[in-house]
Amino acid sequence: MVGLQHRSRAVTGAALRADFPVFERPTASGRRLVYLDSAASAQKPRAVIEALAQTYAHHYANVHRGIYELSVDADARYEGARRSVAAFIGADSPREIVFVRNATEAINLVAFSFGRSNVGRDDLVVTTELEHHANLVPWQQLCAATGATLAHVRSTDDGKLDLDDLRSHLERGPKILAVSHVSNALGTINPIAEVTGLGRAAGATVVVDAAQSVPHMPLNVAELGADFVAFSGHKMLGPSGIGVLWGRRALLDAMPPFLTGGSMIRRVTLDGAEWNEVPWKFEAGTPAIAEATGLAAAIDYLEGIGMDGVRAHERELFIAAWSRLGNMPGVRLLGPDDPDEHAGVISFVLDGIHPHDVATILDREGVAVRAGHHCAQPLMDRHGVPATTRASFYLYNDHDDIERLADAIVATQRVFGTA
Amino acid sequence: MVGLQHRSRAVTGAALRADFPVFERPTASGRRLVYLDSAASAQKPRAVIEALAQTYAHHYANVHRGIYELSVDADARYEGARRSVAAFIGADSPREIVFVRNATEAINLVAFSFGRSNVGRDDLVVTTELEHHANLVPWQQLCAATGATLAHVRSTDDGKLDLDDLRSHLERGPKILAVSHVSNALGTINPIAEVTGLGRAAGATVVVDAAQSVPHMPLNVAELGADFVAFSGHKMLGPSGIGVLWGRRALLDAMPPFLTGGSMIRRVTLDGAEWNEVPWKFEAGTPAIAEATGLAAAIDYLEGIGMDGVRAHERELFIAAWSRLGNMPGVRLLGPDDPDEHAGVISFVLDGIHPHDVATILDREGVAVRAGHHCAQPLMDRHGVPATTRASFYLYNDHDDIERLADAIVATQRVFGTA
Amino acid sequence: MDNLYRDFILEHYREPHHRGVLDPADLSFADSNPTCGDELAVTVRLEPDSGRVAEVAFDGRGCAISQASASIMSDHLAGMSLDELRAIDPRTVLDDLGVPIGPARFKCALLGYKVLQGAVRGAMTDWPEEAEVLGDASAGGSSP
Amino acid sequence: MDNLYRDFILEHYREPHHRGVLDPADLSFADSNPTCGDELAVTVRLEPDSGRVAEVAFDGRGCAISQASASIMSDHLAGMSLDELRAIDPRTVLDDLGVPIGPARFKCALLGYKVLQGAVRGAMTDWPEEAEVLGDASAGGSSP
Ligand SMILES: Cc1ncc(COP(=O)(O)O)c(C=O)c1O
Ligand SMILES: Cc1ncc(COP(=O)(O)O)c(C=O)c1O
């Protein structure tokens, strides 16, 4: 088996699949599931599912307001999860960790709270052509509401950020630079420390969409140089319904609240309210209590492997898949070909076959991939395709999966008579 | 055992506790847990915990965009949960069900999206003195942002809505009337159909905070006469991280989106976006996928008992507790004494003993209650107390729990030398 | 392999019927599949006297399913009145397509239908309800 | 029953030391416990020469723990300089209280301390970090 020979770490790939119950699921093809859609959402290890069930079964109560033991227990676990997240990304303090639903809400929170109080009609907001809609549409809305101008850093033909274009945008002194660390649509890894450095040097507040990086590589906010970082639990083996906004303490302190209601207040009268301290100021109402503990379990699991190991494994799979698919006739690959600039996400197009049809036939072969615009329509427009097929890797994938993918591509080409 | 004798339905109280693993948890008192804090959040039956675990183990993928079987399966379950919710509250169509995090987010969504596009500086928004902060602070913020005026319907000494005062506010033609169905702090059941009827007749858009009613009594939005209804999954045996906004289709269709990003768009270019159909227009990013399926399981569980049965059980417990506690010296009860106007939520004050101290000593006796302002500071101010102690019932409580509560109150009074 | 990509589907995909743009046209509309961004436009010419469809043409890019579905449907449209167009049942469109369509390809299979409805009504229409068209059991969301 | 509601706690609760409002005062501040809305105010009179605490008084409503804690602390304040007040370690306040305080009553036990810090700094201060004061194991959130 190709997969077993090439795997560099015993702890990744096939050996880990036993931890993920989904791989017990039979597929219509009769073969084991090859799950290549982790960029959309990751599968869950038993440890995460168990942690959730444990919380609900024996440690559940509302948080933040209870005096009885069960609620103190629930609160300690919820706030303990915040400390886990803070440690995982190297935050100075758990106070800088705001729990939200997902990366999308995290970015909206910044656009509404920081944006509407700091951006005016003469200001400039800069995003890039590489962004997921989550890091684009909220800024369009901010600019529409405030009259500010939105500009986009160009990308190159091989899907990289055009740093010269970034520099020239920065010369105009934008208030906000919103940029992704890793593109979900093309897999591009941006030179993020350089980008944040340039952005902050130009006086911009830098918002990093780390939805595709935190799950897949070491990330340390102390070194990153960003002001805000957004990511989702569900892409990093954690539950759905929980995501994270990290922000610099001083910024969070100065920002007005976004959603309002219980827990986020210090004192309320009929006519007005004073706000609680951060991060609770930004967590109105009952949060995703158990889901936070599930996210902490996911972090434990990832730390058990080591984020360096996760990244190394995906880098190796990328190299193998890029050369395997790149050598197949009728297959066009998108994005940079340097493995240091490309995460474990491969977007491709088959000549004469629409990505939806590719994904359908791959599915019949037991290979789960995503087809579509990957919530990055402007990027698709930029590359002149309506959509692509995307295979994305995580720690439970291996070289065998790449062979299954390659075989299924051939099968697709046979159906369409292009092979 | 008192509990067993008085219970009117075999399906409620002690018999059901076996379905809830939390009751296996030992307490510091050495006695079984008496959980009287369901108004803050409900405990979870095994069926809900199992449904969540099943979804994560075998049916999990991102929704809305996938072509492979696993994602079609996940999507069908997520959208199936929407249909369950729609059926449970009698909505015309699942399109009227927006999944949010909690009741708080649901109300904020209305305040931001409907509010900011429909309320201007000459307009009036009316809430009541009975509201949870979640149905008060978002309206304060709306009025602060738009220059509109906020007014509050008075409550009576026994904690009921003053309907004459409501009428006189309605004569001023408010744009929005935001009112709770059941008060979480006092247990008052408002005559909600009458209130919504008056509100709509006066031309107001009526927002009902049903966080304390949907879990505890039959509620049918077709009969309710409201325009928007908000509630939380975690208070109705469901997971944390999932809540519901119901809205009339025509209103939802006409509203601008709130959070923006993936899934909620029809088409995006670098400079602008068109929105998806409802309800997806309001669900930006990856939703609480598995949590929705857990909520559907909670609904199944509740329907297995019948909401009439749940309400009847809590009504019976209310009557018993109200007379038991009301006859104890040094105990002051708040709220209406008519069991038709009072849900299974009893707020009380012990002479000379602060509610926090009460809750601490009750906890030592294995009785979990809430102490504080219950996110209703203006209501506490109204009744001249900083806080109360609150015992709230659900289907797993019984008469034995009331005895345990009464005994623990006596123990508290002994510690403080007031008994 | 395949009960979805039958030969006639692939033939319609490669050589779609009624392809192109009518100019001038009496009705026209364009819409897209939010999942993949596929865009399809329709132009319709009506008989001056009867107001019935004289000619119809689809134009755009898309997958085999969406292209075949529009192509097959286009063969049935000539001679229909506007009311008849409006009354087309999306279930019939799926039946005419003749291959099993599940939720995953629901929008692909009905993009042509939706664009045609837009042309007839002169305005964007909602996607048909999956639960109604496919039956509750197989219905998922109809969002991208 | 009880290691929390020891007799001296209840005595301080019933007859708190240094109770009332100093008028005039050199420093004053009020704050509340967000969980229950309990409000506590402090007024401080300083020695004109040394700038050290001459007299302090607490006023407000609250639970046994918050009242006893402020009362016990108030006995230690006379003669302290502003820098010394500022340097008070919340752990010492809990030690002086002399009963075991967990996360559930953390804010009750430190309300007096927090109000005093507000008076010294002339501005609202954050609650001390539970994790630091109580040690990580028992720490939960410090939010209402
Ligand atoms: C009446 C009422 N409204 C709103 C809420 C807010 O609910 P959540 O915290 O789930 O958003 C609550 C919860 O305590 C409530 O009781
Ligand atoms: C780069 C990027 N940003 C943001 C998001 C949005 O994440 P979520 O849907 O969890 O909010 C995604 C998810 O696809 C992503 O890949």
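Sequence order for the protein chains is H, U, C and W.
Under the numbering used here, think of the first position of the first sequence as -11, with each following residue one higher.
Under the numbering used here, think of the first position of the second sequence as -11, with each following residue one higher.
Under the numbering used here, think of the first position of the third sequence as 3, with each following residue one higher.
Under the numbering used here, think of the first position of the fourth sequence as 3, with each following residue one higher.
Ideal Cβ positions, reconstructed from N, Cα and C, are used throughout, including at glycine.
Owing to the predicted nature of the structure, the values given are computational and were not obtained by experimental measurement.
- Residues of chain U whose Cβ lies closer than 7 Å to the Cβ of Gly229/H are, in chain order, Gly229, Ile230, Ala276 and Glu279.
- Between Val113/U and Ile164/U, the beta carbon gap of about 5 Å places them in contact (Cβ cut-off 8 Å).
- If only complete runs of 4 or more residues are kept, the stretch 40 to 126 of chain W shows the alpha helix (DSSP H) at 66 to 76, 84 to 88, 92 to 99 and 108 to 123, in order along the chain.
- Environment of ligand 1, chain-ordered: Gly249/H, Gly250/H, Gly273/H, Thr274/H, Ala27/U, Ala28/U, Asn90/U, Ala91/U, Thr92/U, Glu93/U, His120/U, Ala122/U, Asn123/U, Ser168/U, Val170/U, Ser171/U, Asn172/U, Asp197/U, Ala199/U, Gln200/U, Ser220/U, His222/U, Lys223/U, Gly231/U and Cys363/U, taking every residue with Cβ within less than 7 Å of a heavy atom.
- For chain H, the residues of the stretch 28 to 56 of chain W that bring a beta carbon within less than 7 Å of one of its beta carbons are Ser34, Pro36 and Thr37, in chain order.
- Less than 8 Å separates the beta-carbon of Ala199/H from that of Ala218/H.
- Val73/U counts as buried, since no fewer than 16 other beta carbons sit within 10 angstroms of its beta carbon.
- Per DSSP, reduced to three states, the secondary structure at Tyr56/H is coil, with no helix or strand assignment.
- Inter-residue distance for Thr248/H and Leu97/U is about 11 Å (C-alpha atoms, whole angstroms).
- Ala261/U is positioned such that its CB atom lies no closer than 8 Å to that of Val167/H.
- Under a criterion of Cβ atoms nearer than 7 Å, the residues of chain U adjacent to Leu6/W are, in order, Thr348.
- Neighbourhood of Ala106/W in chain H, by CB distance below 9 Å: Gly54, Ile55, Tyr56, Glu57, Ser59, Val60 and Asp63, in chain order.
- In this structure, the beta-carbon distance from Ser311/U to Gly323/U does not fall below 8 Å.
- About 5 Å separates the beta carbons of Val195/U and Phe216/U, which is inside the 8 Å limit, making them a contact pair.
- Fully contained in the stretch 107 to 177 of chain H are the following alpha helix (DSSP H) runs of length 4 or more, in chain order: 125 to 134 and 151 to 158.
- Of Ala80/W, Ile74/W and Asp25/W, the smallest CA-CA separation from Arg16/W is found for Ile74/W.
- Within the stretch 115 to 141 of chain H, no residue places its CB atom closer than 9 Å to a CB of chain C.
- In terms of Cβ geometry, Gln42/H and Tyr48/U do not form a close pair [threshold 8 Å].
- For Arg20/U, there is no enclosing beta strand (DSSP E), as DSSP marks it with neither H nor E.
- Distance between Leu21/U and Tyr7/W, taken at the CA atoms: about 22 Å.
- Its Cα nearest to that of Glu302/H, the residue Ile390/H stands out among His344/H, Ile390/H, Gly235/H and Ala347/H.
- From the beta-carbon of Arg237/H, no residue of chain U is found nearer than 8 Å; the closest lies around 24 Å away.
- Using a Cβ-Cβ cut-off of 8 Å, Asp128/W is close to Glu265 of chain H, given in chain order.
- Excluding its 5 nearest sequence neighbours in each direction, Tyr115/W has C-beta neighbours in its own chain below 6 Å: Pro92 and Val95, listed in chain order.
- The straight-line gap separating the alpha-carbon atoms of Glu13/W and Thr184/U is approximately 52 Å.
- Under the three-pair Cβ rule at 8 Å, the stretch 359 to 367 of chain U does not count as touching the stretch 42 to 56 of chain W.
- Pairing Ala284/H with Ala69/H gives a Cβ-Cβ distance under 8 Å.
- Contact between Phe102/U and Met243/U is confirmed by a C-beta separation of about 5 Å, below the 8 Å threshold.
- Look at Thr92/H here: in three-state DSSP terms it is helix.
- Below the 9 Å Cβ cutoff, chain U contributes Val403, Phe404 and Gly405 as neighbours of Leu12/W, in chain order.
- By the rule that beta-carbons nearer than 8 Å mark a contact, Arg63/W touches chain U.
- Two segments are said to touch when three or more pairs of C-beta atoms, one from each, lie closer than 8 Å; by this definition the stretch 82 to 100 of chain H does not touch the stretch 142 to 161 of chain H.
- When Cβ-Cβ separations below 8 Å define contact, Ala66/C makes contact with chain H.
- Shown here, Phe306/H sits in a helix according to DSSP, grouped into three states.
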